[in-house]
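Peer 1: This is the structure, below, for whatever I ask next.
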Amino acid sequence: MIEVNNLTKIYGGTTVLSIPQLVIRQGESFGLVGNNGAGKTTFFRLMLDLIRANSGWIKSKGTDVKGTTSWKFYTGSHLDDRFLIEFLTPEEYFDFISQIHHMSKGDLTVFYKEYEEFFADEILGKSKYIRDFSHGNKQKIGVAAALMAKPEIVILDEPFNGLDPSTQLRLIRILNDLKKNKGTTVLVSSHDLNHVTEVCDRIVILEKGQVRYDMAKNESTLKELESYFAG
Amino acid sequence: MIIKSFISHQIKESMRSSFWQKQIVLNILMGLLLLIMLAYLVMLGIMIDKLFKSIAPDEDPVVLFNGIVLYYFALEFMIRFFMQSLPVLNLETYLTLPIKKSSIVHYVASKSIFGVGNYLSWLVFIPFAIKVISPEYSPVMAWVWILAMILLVFTNNFLATYVKRQLAHKPWVVGIFALGLIGLMALDHFHIFSITQLSRDLMGGILRNPVMIVIPLALMVGAYLINYFFLRGRLYPDEVNLKKKTRTDSLGEIRYLKSIGLTGHLISLDLRLLWRHKRTKSLFYLSPIFLLYGLIFYNDPTFKMNGSFPVFIGIFMTGGIMINYTNYCFSYESNHFDTILANYADFKQYVRAKYLLAIAISTLCYVLTIPYGFYGLNILLINTATFLYNIGFLSFVLLFVSTYSTKRMDLSRSASFNYQGMGATHWLSMLPGFLLPVAIFWVFNYFKLPVGGYIFIGLLGLTGLVLNKTMIGVVTNQFMKNRYTMSQGFRE
Numbered sequence: 038m039i040e041v042n043n044l045t046k047i048y049g050g051t052t053v054l055s056i057p058q059l060v061i062r063q064g065e066s067f068g069l070v071g072n073n074g075a076g077k078t079t080f081f082r083l084m085l086d087l088i089r090a091n092s093g094w095i096k097s098k099g100t101d102v103k104g105t106t107s108w109k110f111y112t113g114s115h116l117d118d119r120f121l122i123e124f125l126t127p128e129e130y131f132d133f134i135s136q137i138h139h140m141s142k143g144d145l146t147v148f149y150k151e152y153e154e155f156f157a158d159e160i161l162g163k164s165k166y167i168r169d170f171s172h173g174n175k176q177k178i179g180v181a182a183a184l185m186a187k188p189e190i191v192i193l194d195e196p197f198n199g200l201d202p203s204t205q206l207r208l209i210r211i212l213n214d215l216k217k218n219k220g221t222t223v224l225v226s227s228h229d230l231n232h233v234t235e236v237c238d239r240i241v242i243l244e245k246g247q248v249r250y251d252m253a254k255n256e257s258t259l260k261e262l263e264s265y266f267a268g
Numbered sequence: 033m034i035i036k037s038f039i040s041h042q043i044k045e046s047m048r049s050s051f052w053q054k055q056i057v058l059n060i061l062m063g064l065l066l067l068i069m070l071a072y073l074v075m076l077g078i079m080i081d082k083l084f085k086s087i088a089p090d091e092d093p094v095v096l097f098n099g100i101v102l103y104y105f106a107l108e109f110m111i112r113f114f115m116q117s118l119p120v121l122n123l124e125t126y127l128t129l130p131i132k133k134s135s136i137v138h139y140v141a142s143k144s145i146f147g148v149g150n151y152l153s154w155l156v157f158i159p160f161a162i163k164v165i166s167p168e169y170s171p172v173m174a175w176v177w178i179l180a181m182i183l184l185v186f187t188n189n190f191l192a193t194y195v196k197r198q199l200a201h202k203p204w205v206v207g208i209f210a211l212g213l214i215g216l217m218a219l220d221h222f223h224i225f226s227i228t229q230l231s232r233d234l235m236g237g238i239l240r241n242p243v244m245i246v247i248p249l250a251l252m253v254g255a256y257l258i259n260y261f262f263l264r265g266r267l268y269p270d271e272v273n274l275k276k277k278t279r280t281d282s283l284g285e286i287r288y289l290k291s292i293g294l295t296g297h298l299i300s301l302d303l304r305l306l307w308r309h310k311r312t313k314s315l316f317y318l319s320p321i322f323l324l325y326g327l328i329f330y331n332d333p334t335f336k337m338n339g340s341f342p343v344f345i346g347i348f349m350t351g352g353i354m355i356n357y358t359n360y361c362f363s364y365e366s367n368h369f370d371t372i373l374a375n376y377a378d379f380k381q382y383v384r385a386k387y388l389l390a391i392a393i394s395t396l397c398y399v400l401t402i403p404y405g406f407y408g409l410n411i412l413l414i415n416t417a418t419f420l421y422n423i424g425f426l427s428f429v430l431l432f433v434s435t436y437s438t439k440r441m442d443l444s445r446s447a448s449f450n451y452q453g454m455g456a457t458h459w460l461s462m463l464p465g466f467l468l469p470v471a472i473f474w475v476f477n478y479f480k481l482p483v484g485g486y487i488f489i490g491l492l493g494l495t496g497l498v499l500n501k502t503m504i505g506v507v508t509n510q511f512m513k514n515r516y517t518m519s520q521g522f523r524e
């Protein structure tokens, strides 16, 4: 599904990301962990063609993402608040995103129905602009918008950040369901080791832009991760 | 002690503002411009008695000057009300520290005296006092007079900040102030009450009897105290920065735009962007000013209808707002630029939406300028030609150029006059667009072919309109080329 080859990104002389080779298969749930500045967000940004790599390429379904648009039709993403259009109401925003992805009115209604529980009466029908919502609720809006077009690939940067406990659990359930029942490829980064191990089957640790560990999840993964970051 | 650190924070805040972090050349250029402006003010101060002499040779310049003082402050008050930003201390930072509340309040209340606007008028009245008042009365009296003026400047400053603070709490206070001001103007206009006389009595009185300086002093202290007590009662952050109740509008529901596909949706998105931010909304308020330009100049009997200047006015009237929009249309989207890059598949449509909105704005302005045809067919011809030039040529040039603007513009920061991203480069980049048609016309006019000039300018625009698909393609390619740089700049 996604192939990375010889990818590097350099900011002001420092290499912030360097990945010689990485393949993410379809239906895989890929968890990216690492401390601040490890290059997680940079990696996702490169994957979404938001920044230019210094070398190498990322291919999505065999096409280089750089300068192409085909991947946008099956990739849903939410990295930070910059993915929201803050002067719209949530409804207007969802409507707009659905238009970009050529969804019908009916699709939109189904979406609202499906995410009713996730929104928990906090988002819809409030008649206020997204900029006036709290951080956690903005996060909900962004994550839901990333998932709404039923993408084949979902890219979420720190999706659990700022969410309340109930919503965190709901999101874990939603992501697991996407992976199991829809075969969606899920890419998630997180600081929270518990959440990552609950959602992802494969966990990659980035440190200073390098891949340190790349492992399939098993019972002892959480322990291993904890001891890695404790040391 | 605590005041000292407050002040040092204040200085650091302004010195470390991103305003200064521009290229050095630009800073020097801006500095020069500023110096020239300041020099003009000083010149005005030195020459103002000559000016009075040429208007009213028999009157004493001091009396005349004293007569306009209060008018000036009324005008300044209005300018302050609109332009002056409210000094907001980051209260949360200080409230939890063990600092006496009254020092915080004094600090917040007096913070506005650091505004540059307080000191500009000094450049005019100090030279005047030294040159005219000092020899006519005495050097000491000149300084007393200057002190009185300074006190009035700060009275004005505190009054304006108070009224502005009330805007969010008790809007009716602002209404009363406005009514009072208008009432005074009206009384003055109908000669029931003379502001001139009051102004002369006050300033002249101080010159006759220096003890009268207690009047401006009392005014200033009073104005300061109403600020002080206002703030004292509202030191909790959520009460100072009172948020207005949010309301949403239904701008997204324009049927027609919904029916023309994605381009329509993008236009409707941009419309909402313009309407829902203070800064962009002020564009709409400014539009009458652009449109009234003609009224000011065409009525002037010394204005040459056949010269190149009407061409300039034509561009300004039919394109002023469009130019403003196209210049910033990408940086306006700083806050959600990543959404655009990660989601939009067809950037041609994106650019086209911008272009269509620019045309629509310009067309609206053009239609509104048609009545100027009463001033002569000539004017109608010029405005038509410049309109075509604006929508067929200038708009593309500006869209192309604005892909180079990588200054982040955070519209959600809602200071009512937010000049972020309005660098000198922007103004300089607009200049050629204005000057080109003026130059073209000048050449044609030189050979006594004014109509040929209009036609040429119009044709330039028409060519662009015919080739609009190609032009949009060119802009789109340029956008794609610059998008990483833009995205990076918008994130800073």
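The listed protein sequences correspond, in order, to chains A and B.
Take the first sequence: its letters are residues 38 to 268, numbered as in the working numbering.
Take the second sequence: its letters are residues 33 to 524, numbered as in the working numbering.
Note that beta-carbon positions come from the ideal geometry of N, C-alpha and C, so glycine has one too.
Whether or not the stretch 142 to 156 of chain B and the stretch 69 to 84 of chain B are in contact is what I'm after, with contact meaning three or more pairs of Cβ atoms, one per stretch, closer than 8 Å; do they touch?
Peer 2: The stretch 69 to 84 of chain B vs the stretch 142 to 156 of chain B: in contact.
Peer 1: Less than 6 Å between C-beta atoms, sequence neighbours within five positions excluded: which residues of the same chain meet that for Tyr139/B?
Peer 2: Counted from its first residue, the second sequence places residue 139/B at position 107. Excluding sequence neighbours, Tyr139/B sits near Phe38.
Peer 1: List, in chain order, every chain B residue whose beta-carbon is nearer than 9 Å to that of Ile134/A.
Peer 2: Locating residue 134/A in the first sequence gives position 97, counting from the first residue. Thr371, Asn375, listed in chain order.
Peer 1: Since Ile563/B contacts Leu388/B with CB under 8 Å, what's their CB separation in whole angstroms?
Peer 2: Nothing about residue 563/B can be reported from this structure: the residues present for chain B run from 33 to 524 only.
Peer 1: Taking contact to mean at least 3 C-beta pairs separated by less than 8 Å, is the stretch 38 to 52 of chain A in contact with the stretch 204 to 214 of chain A?
Peer 2: Because the criterion of three Cβ pairs below 8 Å is not met, the stretch 38 to 52 of chain A and the stretch 204 to 214 of chain A do not touch.
Peer 1: Are the stretch 106 to 120 of chain A and the stretch 190 to 205 of chain A touching, with three or more C-beta to C-beta distances below 8 Å?
Peer 2: Touching, yes, given that three or more Cβ pairs across the two stretches are closer than 8 Å.
Peer 1: Quick one, which residues of the stretch 503 to 519 of chain B are near chain A if we go by CB-CB under 8 Å, in chain order?
Peer 2: Taking 8 Å as the Cβ-Cβ cut-off against chain A, the residues of the stretch 503 to 519 of chain B that qualify are Met512, Tyr516, Ser519.
Peer 1: For Leu121/A, which residues in chain B fall below 9 Å Cβ to Cβ?
Peer 2: On the first sequence, position 84 is the one that residue 121/A refers to. Under the 9 Å cutoff, chain B gives Asn367, His368, Thr371.
Peer 1: So what does Gln58/A bridge to, in DSSP terms?
Peer 2: Stepping through the first sequence from its first residue, residue 58/A is reached at position 21. Bridge partners of Gln58/A: Asn42/A.
Peer 1: Around the Cβ of His232/A, are there at least 16 other Cβ atoms within 10 angstroms (buried) or fewer (exposed)?
Peer 2: Residue mapping note: residue 232/A aligns to position 195 of the first sequence, counting from 1. It is buried - the Cβ of His232/A has at least 16 other Cβ atoms within 10 Å.
Peer 1: Would you decide whether Gln229/B is buried or exposed? Buried here means 16 or more other CB atoms lie within 10 Å of its CB.
Peer 2: Translated into positions along the second sequence, residue 229/B becomes position 197. Exposed, since its Cβ has fewer than 16 Cβ neighbours within 10 Å.
Peer 1: Give me the DSSP bridge partner(s) of Glu244/A.
Peer 2: Here residue 244/A refers to the residue found at position 207 of the first sequence. For Glu244/A, which the question treats as bridged, DSSP gives the partners Gln247/A.
Peer 1: Kindly indicate the opening and closing residues of the alpha helix (DSSP H) around Leu426/B.
Peer 2: Looking up residue 426/B in the second sequence gives position 394. Looking at the DSSP string, Leu426/B is not in any alpha helix (DSSP H), and its letter there is neither H nor E.
Peer 1: Helix, strand or coil for Tyr364/B, going by three-state DSSP, please let me know.
Peer 2: Residue mapping note: residue 364/B aligns to position 332 of the second sequence, counting from 1. Here Tyr364/B sits in helix by DSSP.
Peer 1: Hey, Val185/B and Tyr260/B are a contact pair by Cβ (cut 8 Å); roughly how many whole angstroms apart?
Peer 2: Taking the second sequence and counting its residues from 1, the one referred to as residue 185/B is at position 153. Taking the second sequence and counting its residues from 1, the one referred to as residue 260/B is at position 228. That belief does not hold up - the Cβ atoms of Val185/B and Tyr260/B are roughly 19 Å apart, past 8 Å.
Peer 1: Distance cutoff 8 Å, beta carbons only. Does Thr435/B sit that close to anything in chain A?
Peer 2: Numbered from its first residue, the second sequence carries residue 435/B at position 403. No - not a single Cβ of chain A is within 8 Å of the one on Thr435/B.
Peer 1: What is the DSSP secondary structure of Val102/A, counted as helix, strand or coil?
Peer 2: Numbered from its first residue, the first sequence carries residue 102/A at position 65. Val102/A falls in the coil class under three-state DSSP.
Peer 1: Are any of the Cβ atoms in chain A nearer than 8 Å to that of Thr495/B?
Peer 2: Counting from one through the second sequence, the residue named residue 495/B turns up at place 463. By this cut-off, Thr495/B is not an interface position.
Peer 1: Where does Thr508/B fall in DSSP's three states?
Peer 2: Walking along the second sequence from the start, residue 508/B turns up at place 476. In the structure shown, Thr508/B sits in a helix (DSSP, three-state: H, G or I).
Peer 1: Taking the beta carbon of Arg62/A as the centre, do at least 16 other beta carbons fall within 10 Å, making it buried, or is it exposed?
Peer 2: Counting from 1 along the first sequence, the entry for residue 62/A is found at position 25. The residue is exposed, with fewer than 16 neighbouring Cβ atoms inside 10 Å.
Peer 1: Starting from the C-beta of Ile245/B, find all residues in its chain whose C-beta is less than 8 Å away, skip the five residues before and the five after it, and write them out in chain order.
Peer 2: In the second sequence, counting from the first residue as 1, residue 245/B sits at position 213. Same-chain partners within the cutoff: Val176, Leu179, Ala180, Leu183, Ile238.
Peer 1: Residues of the stretch 293 to 313 of chain B with a CB closer than 7 Å to any CB of chain A: list them in chain order, please.
Peer 2: The stretch 293 to 313 of chain B vs chain A, Cβ under 7 Å: Leu294, His297, Leu301, Arg304, Leu305, Arg308, His309.
Peer 1: For Arg440/B, which of helix, strand or coil comes out of DSSP?
Peer 2: Locating residue 440/B in the second sequence gives position 408, counting from the first residue. Reduced to three states, the DSSP call for Arg440/B is coil.
Peer 1: Taking Cβ positions only, does Asn106/A come closer than 8 Å to chain B?
Peer 2: Translated into positions along the first sequence, residue 106/A becomes position 69. The residue asked about is misnamed: residue 106/A is Thr in this sequence, not Asn. Yes, because at least one Cβ of chain B sits closer than 8 Å to the Cβ of Thr106/A.
Peer 1: Is the shortest distance between the beta-carbon of Ser97/A and the beta-carbons of chain B less than 8 Å?
Peer 2: Position 60 of the first sequence, counting from 1, holds the residue named residue 97/A. It does not: the Cβ of Ser97/A has no partner Cβ on chain B nearer than 8 Å.
Peer 1: How is Leu224/A classed by DSSP in three states: helix, strand or coil?
Peer 2: As a working mapping, residue 224/A is identified with position 187 in the first sequence. Residue state, collapsed to three classes: strand.
Peer 1: Quick check: what's the CA-CA separation for Leu262/A versus Leu230/A?
Peer 2: For the purposes of this step, residue 262/A is taken as residue 225 along the first sequence, with counting starting at 1. For the purposes of this step, residue 230/A is taken as residue 193 along the first sequence, with counting starting at 1. In a straight line, the C-alpha of Leu262/A is about 7 Å away from that of Leu230/A.
Peer 1: Could you tell me the alpha carbon to alpha carbon distance between Leu224/A and Tyr194/B, rounded to whole angstroms?
Peer 2: Stepping through the first sequence from its first residue, residue 224/A is reached at position 187. Stepping through the second sequence from its first residue, residue 194/B is reached at position 162. Looking at the two C-alpha atoms, the distance is approximately 53 Å.
Peer 1: Identify the contact partners of Ser444/B in chain A, using a Cβ-Cβ distance below 9 Å as the criterion.
Peer 2: Position 412 of the second sequence, counted from the first residue, corresponds to residue 444/B. Neighbours of Ser444/B on chain A, chain order: Glu123, Phe124, Arg168.
Peer 1: For the structure I just gave you, are there three or more beta carbon pairs, one from the stretch 305 to 323 of chain B and one from the stretch 429 to 447 of chain B, closer than 8 Å?
Peer 2: Yes: at least three Cβ pairs fall under 8 Å.
Peer 1: Out of Asp214/A, Asn72/A, Trp94/A, Asp118/A, state which residue places its alpha-carbon closest to the alpha-carbon of Ile167/A.
Peer 2: Position 130 of the first sequence, counted from the first residue, corresponds to residue 167/A. The residue with the shortest Cα to Cα distance from Ile167/A is Asp118/A.
Peer 1: Where DSSP assigns a beta bridge to Ser252/A, which residues make up the other side?
Peer 2: Here residue 252/A corresponds to residue number 215 of the first sequence, with the count starting at 1. The question names Ser, but residue 252/A is Met in the sequence shown. Paired residues: Ile240/A.
Peer 1: Can you find a C-beta in chain B that's less than 8 Å from the C-beta of Leu85/A?
Peer 2: Here residue 85/A corresponds to residue number 48 of the first sequence, with the count starting at 1. Answer yes: the Cβ-Cβ gap between Leu85/A and chain B drops below 8 Å somewhere.
Peer 1: Going along chain B, which residues have a C-beta under 8 Å from Arg89/A?
Peer 2: Position 52 of the first sequence holds residue 89/A. Within chain B, the residues near Arg89/A are Tyr516.
Peer 1: Ignore the nearest five residues each way along the sequence and tell me which others in Tyr364/B's own chain have a CB closer than 7 Å to its CB.
Peer 2: Looking up residue 364/B in the second sequence gives position 332. Once the five neighbours on either side are set aside, the close Cβ partners of Tyr364/B are Leu305, Thr312, Met441, Leu443.
Peer 1: Return no unless some Cβ of chain B is closer than 8 Å to the Cβ of Ile137/A.
Peer 2: In the first sequence, counting from the first residue as 1, residue 137/A sits at position 100. Yes, contact with chain B.
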